[in-house]
Amino acid sequence: AEELAQAVRGLALHRYPDREAVELRARLAQAVGHEPEGTWVANGSNEILQQLLLAYGGAGRAVACFEPTYAMHARIAWTTGSEVLREELPPPWRLDAERLVRAAERAAVVFACSPNNPTGNAQDPEVLAEAARRAPGTLFVVDEAYVEFGGRSAAPLVRELPNLAVVRTFSKAFALAGARIGYCLAAPEVVEDLRRVRLPYHLSALTQAAGLVALRHRDEALAILDAVREQRDRISAALPELGVEAFPSEANFVLFRPPRPAAEVWRGLLDRGVLVRDFSTLVPGCLRVTAGTPEEVDRFLDALKEVLA
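Following this line, the structure appears as C-alpha cells:
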C-alpha cells in the first residue's frame, strides 16, 4: 500500500493517462510470456468481456454460454444486443470439442470458464484449441479469472490461434478487486478490434500505477496461493466426513451439496457468523465456500458441523 501511495504521489494527475497503457501492457506481457501487441488491459475483466462483445457480438449475432457458469457472460452479452444461447452442462461440467463446435455453428462468440465459476472444475486447453481450429470463424473466449489457483491455461495456445482469447483479472490471485484491473491475451488483431471499441483514456493513471506495483510483487502474490490451495483441499477432504458432497475444484473455492436444504444450511451458517454463497438456483442444492485462512476454515467447518448435527 505504501509503495502504491508513493507511485500515486509521483503521477501528473493534471494530465490525461497513457491511453495505450504501454508500460503496463509491456510489463504484463513480459510477466506472462506473451507479446505486448496481443496484451490488452481494462477496468476489470468485465470491461474486457464487454469490449470483446462490442467488437464481436452485438445485434444479429449470437453468444454461447455453458451453464452453470459466470453469470456476467450472458448478462454482458445481453447488454450488447447479442442473442444469448445457453446450454446446460451436466456434472462434472466438462466441455468437449464436439459440443463447442456445435455451439460455434450458431454463435459468433463462445465462452468457456476455466476454472469454472461456480463449479471449480478446469477445462482441457487442448479441447478448446481443437474447437477453435475447427471453427475459425468464431471467437472462443476463455475466462481464466481463477487460473492462478489451478488448472492449465489456454494462454500458450493463443499465438497459433487468432480466434482464441484468454481473459484474466487482478481481482483474485492478486487480491486487487478494488483496483479493477483485467487483461486479455489474444492475437494482435483482436487487440486492435478492442482498441476500436474502447472509450478514450479508458484506463486511469491510478489504475495503471496499481497494476505496475502489483506486477513488481507478482512472485510474492503467487507464492501465497499455495496456502490458499492447501485450505481449499482441506475443505474438500473434510466435507465428505460430514456427509456433504464436495465437487473437485481447481479454484479458490469449493462447491458443495449438504444433505439438508441449501437455504436452511446457508441460514444456519449465517447465524453462526459464516457467510457462504447460495448457488442452488444454478446447481440444485449447492452452496459455495471460499478458502480463507486456517482460522476461517476452522470456523466454517465447526459451524457446518453444528448446523448439520
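Just so we're aligned, residue 1 is where the sequence shown starts under this note's numbering, counting upward by one. For each residue, glycine too, the CB sits at the ideal point set by N, CA and C.
Beta-bridge pairing of residue i - partner residues as DSSP gives them
i	result
Arg-168	Tyr-183
Leu-85	Ala-64
Val-139	Contrary to the premise, residue 139 reads as Leu rather than Val in this sequence. According to DSSP, which records beta bridges pairwise, Leu-139 is partnered with Val-109.
Thr-39	Leu-185
Glu-245	Arg-257
Asp-278	Leu-287
Straight-line gap, residue i to residue j (C-alpha atoms, nearest Å)
i	j	result
Asp-233	Glu-245	14 angstroms
Val-158	Gly-33	11 angstroms
Leu-28	Ala-238	38 angstroms
Ala-205	Arg-216	17 angstroms
Ala-7	Val-213	8 angstroms
Leu-161	Leu-95	19 angstroms
Asp-18	Ala-135	36 angstroms
Pro-91	Glu-67	11 angstroms
Val-167	Val-289	24 angstroms
Closest by C-alpha distance to residue i, when choosing among the options
i	options	result
Asn-116	Met-72, Arg-267, Ile-224	Met-72
Val-141	Arg-272, Phe-253, Cys-65, Ala-179	Cys-65
Phe-174	Gly-60, Ala-303, Gly-273, Tyr-146	Tyr-146
Trp-78	Ala-62, Pro-68, Pro-90, Glu-67	Ala-62
Asp-278	Glu-192, Glu-144, Thr-207, Arg-257	Arg-257
Val-197	Glu-47, Arg-25, Ala-122	Glu-47
Ile-224	Thr-138, Thr-293, Gly-58	Thr-293
Arg-180	Thr-138, Ala-165, Ala-74, Gln-208	Gln-208
Gly-243	Arg-106, Pro-259, Ser-82, Ser-236	Pro-259
Lys-172	Leu-164, Tyr-183, Asn-163	Tyr-183
Ser-249	Ala-186, Val-191, Gly-150	Gly-150
Residue i beta carbon near the ligand PLP (any heavy atom closer than 6 angstroms)
i	result
Gln-6	Ligands in the displayed structure: none, and consequently the ligand PLP is not present.
Where residue i falls, given that 16 or more other Cβ within 10 Å makes a residue buried
i	result
Tyr-201	exposed
Lys-305	exposed
Tyr-70	buried
Thr-119	buried
Val-265	buried
Ala-1	exposed
Leu-13	exposed
Ala-309	exposed
Glu-144	buried
Arg-25	buried
Cβ of residue i within 7 angstroms of any chain D Cβ
i	result
Gln-123	Checking the listed chains, one finds no chain D in this structure; it contains a single protein chain.
Touch check for the region 41-61 and the region 125-137: three-plus C-beta pairs under 8 angstroms?
no
Can you find at least 3 beta carbon pairs, one from the region 77-92 and one from the region 211-229, that sit closer than 8 angstroms?
no
Spell out a yes or no on whether the region 252-265 and the region 35-43 are touching, meaning 3 or more CB-CB pairs, one atom from each, closer than 8 angstroms.
no
Pairing CB atoms from the region 267-274 with CB atoms from the region 284-303, are three or more of them under 8 angstroms?
yes
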